[in-house]
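S.K.: Sharing a structure below in structure tokens format, with a few things to ask.
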Amino acid sequence: MFIIPLAVQWWAVWYPGAEPGGGGYIAQRMLSAKDEKNAIWATLLFNFMHYAVRPWPWILIALASIVVYPNIESLQQAFPNTIVGNMLAIQQ
22 MFIIPLAVQW
32 WAVWYPGAEP
42 GGGGYIAQRM
52 LSAKDEKNAI
62 WATLLFNFMH
72 YAVRPWPWIL
82 IALASIVVYP
92 NIESLQQAFP
102 NTIVGNMLAI
112 QQ
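The opening position of the sequence shown corresponds to residue 22 in our numbering, with each subsequent residue numbered one higher.
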């Protein structure tokens, strides 16, 4: 169990734009703009779209799955050949 968070830690560190200052990914976007004003607006638009708009499909799917499968029994009825009790997310 302890190895799982360590195994995916590189993902949080490697992701372009996650390091302070945005790293080369954001700098390349800013340097390719027409002027400083456009660079600032493009960076603000990117940050808004990336952090505020991009997660919404995931959130809507998660909420829809809660509506469709409100409890573990309904999930077991929908997928009878899976062992739902051994899933990490629902163990108590």
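Note that beta-carbon positions come from the ideal geometry of N, C-alpha and C, so glycine has one too. Predicted model only: the values in this text are computed from it and were never measured.
(1) Leucine 66 to alanine 83, Cα distance in whole Å?
(2) My guess is that isoleucine 87 and threonine 64 are in contact by the Cβ rule of under 8 angstroms, so how many angstroms apart are they, rounded?
(3) What is the C-beta distance between tyrosine 90 and leucine 96, in whole angstroms, given that I count them as a contact (C-beta under 8 angstroms)?
(4) Does the distance from the CB of methionine 51 to the CB of alanine 60 come in under 8 angstroms?
M.R.: The answer reads as follows:
(1) Taking the straight line from one Cα to the other gives about 26 angstroms.
(2) In this structure isoleucine 87 does not touch threonine 64 by the C-beta definition: roughly 35 angstroms separates them, more than the 8 angstroms allowed.
(3) For a cut-off of 8 angstroms, the C-beta gap from tyrosine 90 to leucine 96 is around 4 angstroms, short enough to register as a contact.
(4) Annotated as proximal: methionine 51 and alanine 60, with beta-carbon spacing under 8 angstroms.
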